[in-house]
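Here the sequence shown is numbered in this note's numbering, starting from 873 and rising by one per residue. The block underneath contains the structure these notes are about, expressed in C-alpha coordinates.
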Amino acid sequence: METMSIREIADALNGKLINYKEDIMIKGISTDSRKIKKDDLFIPIKGLNFDGHDFIQNAIDSGACAVLSQYNIEPCNFTYILVEDTQSALIKLAQYYKKKFEIPSIAVTGSSGKTTTKEMIASVLSEKFDVLKNEGNLNNNIGLPISVFRLEKHHDICVFEMGMNKPGEIETLASIVKPDIAVITNIGTAHIGYFGSRENILKAKKEVFTFFTKNNIAVLNGDDDMLSTITDTDFKIIRYGLKEYNHLRAKDIKQREDMGMEFTVNIDGREENFFIPLLGVHNVYNALSAIAVGLTMNMEIESIRRGLQNFVPAKMRMEIYDTKDNIKIINDSYNANPDSAIAAIEVLKSMPSSGRKVLIIGDMLELGDYTVEGHRKVGEKVAESNIEVLITIGEKAKEVINGALSKGMNKEQIYSFKDNEDAISKISSILATNDVVLIKGSRMMKLEEIVDYLIEGRYTKDE
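Below, the structure is given as C-alpha coordinates:
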(Lines of atoms letter the chains of each structure in order from A and count residues from 1; the text may use other names and numbers.)
(Lines give C-alpha, C1' and ligand atoms only; values in the text may rest on other atoms or scores of the structure.)
Protein backbone atom coordinates (compact mmCIF):
# COMPACT_ATOMS: atom_id res chain seq x y z
CA MET A 1 0.00 0.00 0.00
CA GLU A 2 1.11 3.55 -0.75
CA THR A 3 1.27 5.54 2.48
CA MET A 4 -1.69 7.81 3.29
CA SER A 5 -2.13 10.23 6.17
CA ILE A 6 -4.92 9.74 8.68
CA ARG A 7 -6.18 13.22 7.74
CA GLU A 8 -6.42 12.24 4.06
CA ILE A 9 -8.39 9.12 4.97
CA ALA A 10 -10.74 11.02 7.28
CA ASP A 11 -11.41 13.60 4.56
CA ALA A 12 -12.02 10.87 1.96
CA LEU A 13 -14.60 9.27 4.26
CA ASN A 14 -16.15 12.50 5.58
CA GLY A 15 -15.35 11.04 8.98
CA LYS A 16 -14.69 12.76 12.29
CA LEU A 17 -11.15 12.52 13.66
CA ILE A 18 -11.11 11.79 17.38
CA ASN A 19 -7.99 12.24 19.56
CA TYR A 20 -6.18 13.72 16.57
CA LYS A 21 -2.80 15.07 17.66
CA GLU A 22 -0.53 14.57 14.68
CA ASP A 23 -0.84 13.45 11.09
CA ILE A 24 -0.32 9.73 11.53
CA MET A 25 0.89 7.92 8.40
CA ILE A 26 -1.01 4.76 7.49
CA LYS A 27 0.99 2.02 5.78
CA GLY A 28 -1.64 -0.72 5.59
CA ILE A 29 -5.32 -1.55 6.05
CA SER A 30 -6.65 -4.57 7.94
CA THR A 31 -10.06 -5.87 9.02
CA ASP A 32 -8.54 -8.73 11.03
CA SER A 33 -7.10 -7.84 14.43
CA ARG A 34 -5.06 -11.07 14.36
CA LYS A 35 -3.14 -9.96 11.26
CA ILE A 36 -2.33 -6.39 12.23
CA LYS A 37 1.06 -4.99 11.19
CA LYS A 38 2.77 -1.92 12.59
CA ASP A 39 1.22 1.34 11.34
CA ASP A 40 -1.93 -0.35 10.02
CA LEU A 41 -5.36 1.23 10.10
CA PHE A 42 -7.77 -1.27 11.65
CA ILE A 43 -11.29 -1.31 10.19
CA PRO A 44 -13.60 -3.38 12.41
CA ILE A 45 -16.54 -4.96 10.59
CA LYS A 46 -19.81 -5.82 12.30
CA GLY A 47 -20.98 -9.26 11.14
CA LEU A 48 -23.90 -11.53 11.94
CA ASN A 49 -22.02 -13.50 14.58
CA PHE A 50 -19.32 -11.08 15.70
CA ASP A 51 -18.44 -7.42 15.93
CA GLY A 52 -14.92 -6.38 15.02
CA HIS A 53 -15.27 -3.41 17.34
CA ASP A 54 -14.81 -5.85 20.21
CA PHE A 55 -11.21 -6.34 19.05
CA ILE A 56 -10.15 -2.71 18.65
CA GLN A 57 -7.88 -2.78 21.70
CA ASN A 58 -6.28 -6.01 20.47
CA ALA A 59 -5.51 -4.28 17.18
CA ILE A 60 -3.96 -1.27 18.93
CA ASP A 61 -1.89 -3.56 21.14
CA SER A 62 -0.67 -5.39 18.02
CA GLY A 63 0.60 -2.21 16.35
CA ALA A 64 -2.35 -0.50 14.66
CA CYS A 65 -1.78 3.26 14.77
CA ALA A 66 -5.44 4.19 14.30
CA VAL A 67 -8.87 2.66 13.76
CA LEU A 68 -12.23 3.37 12.18
CA SER A 69 -15.28 3.03 14.39
CA GLN A 70 -19.02 3.44 14.00
CA TYR A 71 -19.32 3.89 17.77
CA ASN A 72 -17.91 6.47 20.16
CA ILE A 73 -15.01 4.94 22.11
CA GLU A 74 -14.70 6.00 25.74
CA PRO A 75 -12.28 6.11 27.41
CA CYS A 76 -9.82 6.28 24.53
CA ASN A 77 -6.12 7.12 24.26
CA PHE A 78 -5.65 6.49 20.54
CA THR A 79 -6.70 8.17 17.30
CA TYR A 80 -9.79 6.96 15.51
CA ILE A 81 -12.11 8.09 12.75
CA LEU A 82 -15.81 8.05 13.58
CA VAL A 83 -17.95 6.95 10.61
CA GLU A 84 -21.60 5.95 10.19
CA ASP A 85 -20.84 2.41 9.05
CA THR A 86 -17.42 0.74 8.86
CA GLN A 87 -18.39 -1.68 6.07
CA SER A 88 -19.53 1.20 3.87
CA ALA A 89 -16.41 3.15 4.84
CA LEU A 90 -14.21 0.24 3.74
CA ILE A 91 -15.86 0.28 0.32
CA LYS A 92 -15.63 4.07 0.05
CA LEU A 93 -11.96 4.12 1.03
CA ALA A 94 -11.17 1.38 -1.50
CA GLN A 95 -12.93 3.42 -4.20
CA TYR A 96 -10.87 6.46 -3.25
CA TYR A 97 -7.60 4.54 -3.15
CA LYS A 98 -8.18 2.74 -6.46
CA LYS A 99 -8.67 6.09 -8.25
CA LYS A 100 -5.04 6.93 -7.47
CA PHE A 101 -3.89 4.33 -10.01
CA GLU A 102 -4.48 4.94 -13.70
CA ILE A 103 -3.77 1.39 -14.79
CA PRO A 104 -5.89 -1.16 -16.72
CA SER A 105 -8.21 -3.15 -14.48
CA ILE A 106 -9.69 -6.56 -15.22
CA ALA A 107 -12.67 -8.11 -13.44
CA VAL A 108 -13.44 -11.83 -13.46
CA THR A 109 -16.80 -13.23 -12.40
CA GLY A 110 -19.05 -16.19 -13.20
CA SER A 111 -20.71 -19.14 -11.52
CA SER A 112 -17.64 -21.38 -11.55
CA GLY A 113 -14.01 -21.21 -12.62
CA LYS A 114 -13.49 -17.66 -11.36
CA THR A 115 -10.37 -18.27 -9.31
CA THR A 116 -8.67 -20.49 -11.89
CA THR A 117 -9.50 -18.01 -14.66
CA LYS A 118 -8.21 -15.07 -12.61
CA GLU A 119 -5.00 -16.96 -11.87
CA MET A 120 -4.54 -17.91 -15.55
CA ILE A 121 -5.08 -14.32 -16.67
CA ALA A 122 -2.57 -13.08 -14.08
CA SER A 123 -0.06 -15.74 -15.16
CA VAL A 124 -0.35 -14.65 -18.79
CA LEU A 125 -0.17 -10.92 -18.04
CA SER A 126 2.83 -11.44 -15.74
CA GLU A 127 4.90 -12.30 -18.80
CA LYS A 128 4.72 -8.62 -19.78
CA PHE A 129 3.35 -6.62 -16.85
CA ASP A 130 3.76 -6.16 -13.10
CA VAL A 131 0.40 -7.59 -12.01
CA LEU A 132 -1.63 -7.27 -8.83
CA LYS A 133 -4.33 -9.90 -8.26
CA ASN A 134 -6.51 -10.74 -5.29
CA GLU A 135 -5.00 -13.69 -3.49
CA GLY A 136 -6.98 -16.91 -3.29
CA ASN A 137 -10.68 -16.16 -3.45
CA LEU A 138 -10.70 -12.84 -1.56
CA ASN A 139 -13.50 -11.77 -3.85
CA ASN A 140 -16.26 -10.34 -1.65
CA ASN A 141 -17.06 -6.90 -0.22
CA ILE A 142 -14.31 -7.30 2.37
CA GLY A 143 -11.68 -9.36 0.57
CA LEU A 144 -11.66 -7.33 -2.64
CA PRO A 145 -11.22 -3.92 -0.97
CA ILE A 146 -8.38 -5.32 1.14
CA SER A 147 -6.79 -6.61 -2.08
CA VAL A 148 -7.13 -3.17 -3.70
CA PHE A 149 -5.13 -1.63 -0.85
CA ARG A 150 -2.16 -3.75 -1.97
CA LEU A 151 -1.86 -1.67 -5.14
CA GLU A 152 1.40 0.26 -5.39
CA LYS A 153 3.03 2.55 -7.95
CA HIS A 154 5.06 -0.24 -9.52
CA HIS A 155 1.99 -2.17 -10.66
CA ASP A 156 1.10 -1.99 -14.36
CA ILE A 157 -2.24 -3.79 -14.29
CA CYS A 158 -4.63 -5.45 -11.84
CA VAL A 159 -6.90 -8.52 -12.01
CA PHE A 160 -9.71 -8.92 -9.52
CA GLU A 161 -12.06 -11.85 -9.05
CA MET A 162 -15.59 -10.89 -7.99
CA GLY A 163 -18.00 -13.17 -6.14
CA MET A 164 -21.54 -12.64 -4.92
CA ASN A 165 -24.26 -14.01 -2.67
CA LYS A 166 -27.00 -11.51 -3.45
CA PRO A 167 -28.03 -8.90 -6.04
CA GLY A 168 -26.09 -5.65 -5.91
CA GLU A 169 -22.81 -7.11 -4.66
CA ILE A 170 -21.12 -7.22 -8.07
CA GLU A 171 -22.14 -3.61 -8.73
CA THR A 172 -20.53 -2.59 -5.44
CA LEU A 173 -17.30 -4.38 -6.33
CA ALA A 174 -17.36 -2.92 -9.84
CA SER A 175 -17.69 0.55 -8.31
CA ILE A 176 -14.31 -0.03 -6.68
CA VAL A 177 -12.46 -1.66 -9.58
CA LYS A 178 -14.09 0.22 -12.51
CA PRO A 179 -12.94 -2.58 -14.85
CA ASP A 180 -11.70 -1.88 -18.36
CA ILE A 181 -12.13 -5.56 -19.24
CA ALA A 182 -14.72 -7.86 -17.64
CA VAL A 183 -14.64 -11.64 -18.02
CA ILE A 184 -17.71 -13.78 -17.28
CA THR A 185 -16.88 -17.49 -17.24
CA ASN A 186 -20.40 -18.96 -17.25
CA ILE A 187 -23.86 -18.74 -15.73
CA GLY A 188 -24.52 -21.93 -13.81
CA THR A 189 -26.24 -23.08 -10.66
CA ALA A 190 -23.75 -21.96 -7.99
CA HIS A 191 -25.62 -19.94 -5.30
CA ILE A 192 -28.90 -20.49 -7.15
CA GLY A 193 -30.48 -20.87 -3.72
CA TYR A 194 -29.94 -17.14 -3.20
CA PHE A 195 -31.19 -16.07 -6.63
CA GLY A 196 -33.93 -18.51 -7.61
CA SER A 197 -33.03 -18.88 -11.29
CA ARG A 198 -30.15 -18.71 -13.76
CA GLU A 199 -31.85 -15.67 -15.28
CA ASN A 200 -31.49 -13.84 -11.97
CA ILE A 201 -27.87 -14.98 -11.68
CA LEU A 202 -27.19 -13.57 -15.16
CA LYS A 203 -28.80 -10.27 -14.21
CA ALA A 204 -26.60 -10.04 -11.12
CA LYS A 205 -23.41 -10.96 -13.00
CA LYS A 206 -24.15 -8.28 -15.62
CA GLU A 207 -23.72 -5.70 -12.87
CA VAL A 208 -20.01 -5.96 -13.68
CA PHE A 209 -20.80 -3.78 -16.73
CA THR A 210 -22.44 -1.01 -14.66
CA PHE A 211 -19.60 1.45 -15.18
CA PHE A 212 -18.68 0.38 -18.72
CA THR A 213 -18.26 2.87 -21.55
CA LYS A 214 -17.94 2.20 -25.27
CA ASN A 215 -14.18 1.82 -24.76
CA ASN A 216 -14.50 -1.19 -22.44
CA ILE A 217 -14.46 -4.87 -23.41
CA ALA A 218 -16.46 -7.88 -22.25
CA VAL A 219 -14.87 -11.33 -22.61
CA LEU A 220 -17.65 -13.92 -22.52
CA ASN A 221 -18.00 -17.69 -22.75
CA GLY A 222 -19.72 -17.86 -26.13
CA ASP A 223 -20.93 -21.42 -25.60
CA ASP A 224 -22.93 -20.47 -22.50
CA ASP A 225 -26.63 -20.21 -23.36
CA MET A 226 -27.27 -17.41 -20.88
CA LEU A 227 -24.24 -15.30 -21.81
CA SER A 228 -25.20 -15.65 -25.48
CA THR A 229 -28.19 -13.42 -24.72
CA ILE A 230 -25.88 -10.45 -24.08
CA THR A 231 -26.04 -8.59 -27.39
CA ASP A 232 -26.49 -5.08 -28.78
CA THR A 233 -24.17 -3.45 -26.28
CA ASP A 234 -22.31 -0.16 -26.60
CA PHE A 235 -19.10 -1.94 -25.65
CA LYS A 236 -17.09 -4.57 -27.52
CA ILE A 237 -17.67 -8.27 -26.82
CA ILE A 238 -15.10 -11.02 -27.40
CA ARG A 239 -16.62 -14.50 -27.27
CA TYR A 240 -14.61 -17.67 -26.70
CA GLY A 241 -15.49 -21.36 -26.71
CA LEU A 242 -15.48 -24.54 -28.77
CA LYS A 243 -18.18 -23.62 -31.29
CA GLU A 244 -17.38 -22.15 -34.70
CA TYR A 245 -19.05 -18.77 -34.24
CA ASN A 246 -16.74 -17.68 -31.38
CA HIS A 247 -14.00 -15.12 -31.91
CA LEU A 248 -11.54 -17.47 -30.18
CA ARG A 249 -12.21 -21.17 -30.69
CA ALA A 250 -10.28 -24.09 -29.21
CA LYS A 251 -9.84 -27.13 -31.46
CA ASP A 252 -7.91 -30.40 -31.45
CA ILE A 253 -8.23 -30.68 -27.67
CA LYS A 254 -6.17 -33.52 -26.21
CA GLN A 255 -5.41 -34.62 -22.67
CA ARG A 256 -1.69 -35.24 -22.13
CA GLU A 257 -1.99 -38.21 -19.74
CA ASP A 258 -2.42 -36.69 -16.26
CA MET A 259 -0.30 -33.61 -16.96
CA GLY A 260 -2.68 -31.19 -18.67
CA MET A 261 -4.50 -30.19 -21.82
CA GLU A 262 -3.26 -29.37 -25.33
CA PHE A 263 -5.33 -27.42 -27.86
CA THR A 264 -5.06 -25.10 -30.85
CA VAL A 265 -6.58 -21.68 -31.48
CA ASN A 266 -6.78 -19.83 -34.79
CA ILE A 267 -5.35 -16.36 -34.23
CA ASP A 268 -5.03 -14.01 -37.20
CA GLY A 269 -5.18 -16.92 -39.63
CA ARG A 270 -2.54 -19.02 -37.87
CA GLU A 271 -3.13 -22.20 -35.87
CA GLU A 272 -1.41 -21.60 -32.54
CA ASN A 273 -0.72 -24.44 -30.09
CA PHE A 274 -1.22 -24.07 -26.34
CA PHE A 275 -0.75 -26.24 -23.25
CA ILE A 276 -2.11 -25.81 -19.73
CA PRO A 277 -0.84 -27.90 -16.79
CA LEU A 278 -4.40 -28.52 -15.62
CA LEU A 279 -6.88 -31.23 -16.55
CA GLY A 280 -10.35 -30.78 -18.01
CA VAL A 281 -12.01 -29.23 -21.03
CA HIS A 282 -13.60 -26.72 -18.64
CA ASN A 283 -10.09 -25.42 -17.98
CA VAL A 284 -9.54 -24.99 -21.72
CA TYR A 285 -12.42 -22.51 -21.57
CA ASN A 286 -10.65 -20.70 -18.73
CA ALA A 287 -7.45 -20.60 -20.79
CA LEU A 288 -9.30 -19.15 -23.78
CA SER A 289 -10.43 -16.19 -21.67
CA ALA A 290 -6.82 -15.62 -20.61
CA ILE A 291 -5.72 -15.71 -24.25
CA ALA A 292 -8.43 -13.17 -25.09
CA VAL A 293 -7.25 -10.82 -22.34
CA GLY A 294 -3.61 -11.22 -23.38
CA LEU A 295 -4.42 -10.38 -27.00
CA THR A 296 -6.50 -7.39 -25.90
CA MET A 297 -3.46 -6.15 -23.98
CA ASN A 298 -1.35 -6.46 -27.16
CA MET A 299 0.77 -9.33 -25.90
CA GLU A 300 2.85 -11.53 -28.20
CA ILE A 301 1.49 -15.03 -28.82
CA GLU A 302 4.65 -16.61 -27.45
CA SER A 303 4.32 -14.68 -24.19
CA ILE A 304 0.70 -15.78 -23.82
CA ARG A 305 1.70 -19.37 -24.55
CA ARG A 306 4.47 -19.22 -21.95
CA GLY A 307 2.16 -17.67 -19.36
CA LEU A 308 -0.33 -20.53 -19.72
CA GLN A 309 2.36 -23.19 -19.71
CA ASN A 310 3.88 -21.74 -16.52
CA PHE A 311 0.50 -21.44 -14.78
CA VAL A 312 0.49 -22.87 -11.25
CA PRO A 313 -2.96 -24.23 -10.24
CA ALA A 314 -4.46 -23.05 -6.96
CA LYS A 315 -4.65 -25.45 -4.04
CA MET A 316 -7.45 -28.04 -4.04
CA ARG A 317 -8.27 -27.41 -7.69
CA MET A 318 -7.53 -30.41 -9.92
CA GLU A 319 -4.37 -31.24 -7.98
CA ILE A 320 -2.95 -34.68 -8.82
CA TYR A 321 -1.28 -36.88 -6.19
CA ASP A 322 -0.07 -40.48 -6.11
CA THR A 323 -0.32 -42.27 -2.76
CA LYS A 324 2.16 -44.82 -1.44
CA ASP A 325 -0.47 -47.46 -2.24
CA ASN A 326 -0.40 -46.40 -5.91
CA ILE A 327 -3.80 -44.73 -5.81
CA LYS A 328 -4.09 -41.58 -7.92
CA ILE A 329 -5.95 -38.72 -6.21
CA ILE A 330 -7.59 -35.83 -8.08
CA ASN A 331 -8.08 -33.21 -5.39
CA ASP A 332 -10.79 -30.84 -6.59
CA SER A 333 -12.19 -30.37 -3.10
CA TYR A 334 -12.09 -26.58 -2.81
CA ASN A 335 -15.73 -26.14 -3.76
CA ALA A 336 -18.53 -27.71 -5.78
CA ASN A 337 -21.78 -27.05 -7.56
CA PRO A 338 -23.56 -29.37 -10.02
CA ASP A 339 -21.91 -27.81 -13.08
CA SER A 340 -18.36 -27.97 -11.73
CA ALA A 341 -18.96 -31.49 -10.39
CA ILE A 342 -20.11 -32.71 -13.81
CA ALA A 343 -17.06 -31.08 -15.43
CA ALA A 344 -14.79 -32.80 -12.89
CA ILE A 345 -16.45 -36.16 -13.58
CA GLU A 346 -15.56 -35.68 -17.26
CA VAL A 347 -11.93 -35.40 -16.16
CA LEU A 348 -12.19 -38.57 -14.07
CA LYS A 349 -13.80 -40.37 -16.99
CA SER A 350 -10.92 -39.43 -19.31
CA MET A 351 -8.11 -40.42 -16.94
CA PRO A 352 -5.98 -43.39 -18.08
CA SER A 353 -6.08 -46.15 -15.47
CA SER A 354 -5.69 -49.89 -15.04
CA GLY A 355 -7.84 -49.65 -11.90
CA ARG A 356 -11.29 -48.34 -11.09
CA LYS A 357 -12.67 -44.81 -11.38
CA VAL A 358 -13.93 -43.62 -7.97
CA LEU A 359 -15.89 -40.48 -7.08
CA ILE A 360 -15.95 -39.22 -3.49
CA ILE A 361 -18.50 -36.41 -3.37
CA GLY A 362 -19.81 -34.34 -0.48
CA ASP A 363 -22.85 -32.13 -0.13
CA MET A 364 -23.18 -29.26 -2.60
CA LEU A 365 -24.57 -26.29 -0.69
CA GLU A 366 -26.43 -23.04 -1.40
CA LEU A 367 -28.61 -24.64 -4.10
CA GLY A 368 -31.97 -23.86 -2.50
CA ASP A 369 -34.90 -25.42 -4.36
CA TYR A 370 -32.41 -26.88 -6.86
CA THR A 371 -30.71 -29.03 -4.20
CA VAL A 372 -32.42 -32.34 -5.00
CA GLU A 373 -32.37 -31.91 -8.79
CA GLY A 374 -28.76 -30.68 -8.83
CA HIS A 375 -27.45 -33.60 -6.79
CA ARG A 376 -29.45 -36.10 -8.85
CA LYS A 377 -28.05 -34.71 -12.11
CA VAL A 378 -24.56 -35.34 -10.81
CA GLY A 379 -25.55 -38.90 -9.92
CA GLU A 380 -26.93 -39.46 -13.40
CA LYS A 381 -23.61 -38.26 -14.83
CA VAL A 382 -21.76 -40.73 -12.57
CA ALA A 383 -23.74 -43.67 -13.94
CA GLU A 384 -23.55 -42.49 -17.56
CA SER A 385 -19.76 -42.08 -17.23
CA ASN A 386 -19.33 -45.68 -16.02
CA ILE A 387 -17.71 -44.62 -12.75
CA GLU A 388 -17.15 -47.89 -10.90
CA VAL A 389 -17.40 -46.65 -7.29
CA LEU A 390 -19.49 -43.82 -5.83
CA ILE A 391 -18.86 -42.63 -2.26
CA THR A 392 -21.08 -39.87 -0.86
CA ILE A 393 -20.54 -37.83 2.30
CA GLY A 394 -23.35 -35.87 3.90
CA GLU A 395 -27.13 -35.88 3.88
CA LYS A 396 -27.70 -33.90 0.68
CA ALA A 397 -25.22 -36.02 -1.27
CA LYS A 398 -27.53 -39.01 -0.84
CA GLU A 399 -29.49 -37.57 -3.76
CA VAL A 400 -26.42 -38.23 -5.93
CA ILE A 401 -27.01 -41.90 -5.14
CA ASN A 402 -30.64 -41.64 -6.23
CA GLY A 403 -29.57 -40.10 -9.52
CA ALA A 404 -26.97 -42.81 -10.13
CA LEU A 405 -29.42 -45.62 -9.32
CA SER A 406 -32.00 -44.11 -11.70
CA LYS A 407 -29.51 -44.55 -14.54
CA GLY A 408 -28.68 -48.14 -13.69
CA MET A 409 -25.67 -47.99 -11.38
CA ASN A 410 -25.40 -51.09 -9.20
CA LYS A 411 -26.11 -50.30 -5.54
CA GLU A 412 -23.22 -52.59 -4.56
CA GLN A 413 -20.88 -50.00 -6.11
CA ILE A 414 -22.20 -47.26 -3.83
CA TYR A 415 -21.25 -46.22 -0.28
CA SER A 416 -22.75 -43.46 1.85
CA PHE A 417 -21.28 -41.81 4.96
CA LYS A 418 -22.67 -39.15 7.26
CA ASP A 419 -19.42 -37.17 7.61
CA ASN A 420 -15.66 -37.22 6.96
CA GLU A 421 -14.84 -39.06 10.16
CA ASP A 422 -17.31 -41.81 9.30
CA ALA A 423 -15.91 -42.09 5.76
CA ILE A 424 -12.28 -42.19 6.86
CA SER A 425 -12.98 -45.09 9.21
CA LYS A 426 -13.93 -47.29 6.26
CA ILE A 427 -12.51 -45.75 3.11
CA SER A 428 -9.23 -47.68 3.09
CA SER A 429 -11.12 -50.95 2.82
CA ILE A 430 -13.03 -49.65 -0.22
CA LEU A 431 -10.16 -48.31 -2.31
CA ALA A 432 -7.64 -50.52 -4.11
CA THR A 433 -4.28 -50.25 -5.87
CA ASN A 434 -4.42 -48.40 -9.24
CA ASP A 435 -7.75 -46.71 -8.46
CA VAL A 436 -8.19 -43.13 -9.68
CA VAL A 437 -10.14 -41.12 -7.10
CA LEU A 438 -11.82 -37.75 -7.67
CA ILE A 439 -12.68 -35.82 -4.49
CA LYS A 440 -15.26 -33.04 -4.82
CA GLY A 441 -17.54 -31.14 -2.44
CA SER A 442 -18.59 -27.73 -1.17
CA ARG A 443 -16.09 -25.77 0.90
CA MET A 444 -17.96 -26.33 4.16
CA MET A 445 -17.58 -30.10 3.73
CA LYS A 446 -13.77 -29.79 4.16
CA LEU A 447 -13.05 -32.83 2.00
CA GLU A 448 -9.37 -31.96 2.08
CA GLU A 449 -9.48 -33.97 5.31
CA ILE A 450 -10.15 -37.04 3.14
CA VAL A 451 -7.30 -36.06 0.82
CA ASP A 452 -4.85 -35.68 3.72
CA TYR A 453 -5.85 -39.07 5.08
CA LEU A 454 -5.38 -40.84 1.76
CA ILE A 455 -2.05 -39.18 0.99
CA GLU A 456 -0.45 -38.95 4.43
CA GLY A 457 -2.40 -41.53 6.42
CA ARG A 458 -3.48 -38.95 8.99
CA TYR A 459 -6.81 -37.43 9.92
CA THR A 460 -6.93 -34.06 11.60
CA LYS A 461 -10.44 -32.77 12.09
CA ASP A 462 -10.62 -29.08 11.18
CA GLU A 463 -12.92 -27.45 13.70
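A virtual CB, placed ideally from N, CA and C, is assigned to each residue, including glycine.
No Cβ-Cβ contact shorter than 9 Å links I1102 with L1114. In the DSSP assignment, D883 falls within the unbroken alpha helix (DSSP H) covering 878–885. V1020 and A1122 have their C-alpha atoms roughly 33 Å apart. N949 and N1012 have their C-alpha atoms some 33 Å from each other.
Remark: C-beta atoms of I1265 and K1298 do not approach each other more closely than 9 Å. For the beta strand (DSSP E) assignment, the uninterrupted runs of no fewer than 3 residues enclosed by the stretch 1194–1222 are, from N- to C-terminal side, 1200–1203. By the neighbour-count criterion, in which 16 or more other beta carbons inside 10 Å mark a residue as buried, G1234 falls on the buried side. When DSSP states are grouped into helix, strand and coil, L889 belongs to the strand group.
In the three-state DSSP reduction, G1008 falls in the coil class, being neither helix nor strand.
If you look at E1293, you'll find it in the alpha helix (DSSP H) that goes 1292–1302. As summarised for the stretch 1048–1123, the continuous beta strand (DSSP E) elements at least 3 residues long and confined to that stretch are 1053–1056, 1089–1093, 1108–1113, given in chain order. For F1289, DSSP records a beta bridge to I1265. Here R1128 is bridged, per DSSP, to G1132.
Contact between the stretch 1149–1168 and the stretch 1055–1074 is present: 3 or more CB-CB pairs across the two stretches fall below 8 Å.
Excluding residues up to 5 positions away in sequence, E1238, L1239, G1240 lie with their Cβ nearer than 6 Å to the Cβ of G1065 in the same chain.
DSSP places K1229 in the uninterrupted beta strand (DSSP E) bounded by 1229–1234. In the DSSP assignment, N1145 falls within the beta strand (DSSP E) that extends over 1142–1148. DSSP places Y952 inside the beta strand (DSSP E), whose first and last residues are 952–954. Taking 9 Å as the cut-off, the Cβ atoms of V1230 and I1327 do not count as close. Apart from the 5 residues on each side of it in sequence, Y943 sits with its Cβ closer than 7 Å to the Cβ of H925 in its chain, given in chain order. Between the C-alpha atoms of G1141 and I1163 there is a straight-line separation of about 15 Å. Closest in C-alpha terms to P1224, from the list K1318, V1165, G1132, comes G1132. Excluding residues up to 5 positions away in sequence, I908 lie with their Cβ nearer than 6 Å to the Cβ of S934 in the same chain. When secondary structure is reduced to three states using DSSP, S984 falls in the coil class, being assigned neither helix nor strand. Within the DSSP secondary-structure output, D923 pairs in a beta bridge with K918.
Contact annotation, L954 with G1015: C-beta distance approximately 25 Å; criterion of less than 8 Å not satisfied. By the criterion of a C-beta distance shorter than 6 Å, Y1193 is surrounded in its chain by I1201, I1327, once the five residues flanking it on both sides are discounted. Spanning the alpha carbons of G1275 and V1254 requires a straight line of approximately 8 Å.
Around the beta-carbon of G1040, fewer than 16 other beta-carbon atoms lie within 10 Å, marking it exposed. Residue pairing of N1274 in beta bridges, as defined by DSSP: absent, with no partner found. Residue environment for M897: exposed (fewer than 16 other C-beta atoms within 10 angstroms of its C-beta). As the crow flies, the alpha-carbon of E946 is around 11 Å from that of I890. Beta-bridge annotation (DSSP): C1030 is paired with S977, L1004.
For L1004 and N1258, the gap between their C-alpha atoms comes out near 43 Å.
Contact between the stretch 973–989 and the stretch 910–918 is not established, with fewer than three Cβ pairs separated by less than 8 Å. No residue range can be given for K909, since it is assigned to no beta strand (DSSP E) and is classified by DSSP as neither H nor E.
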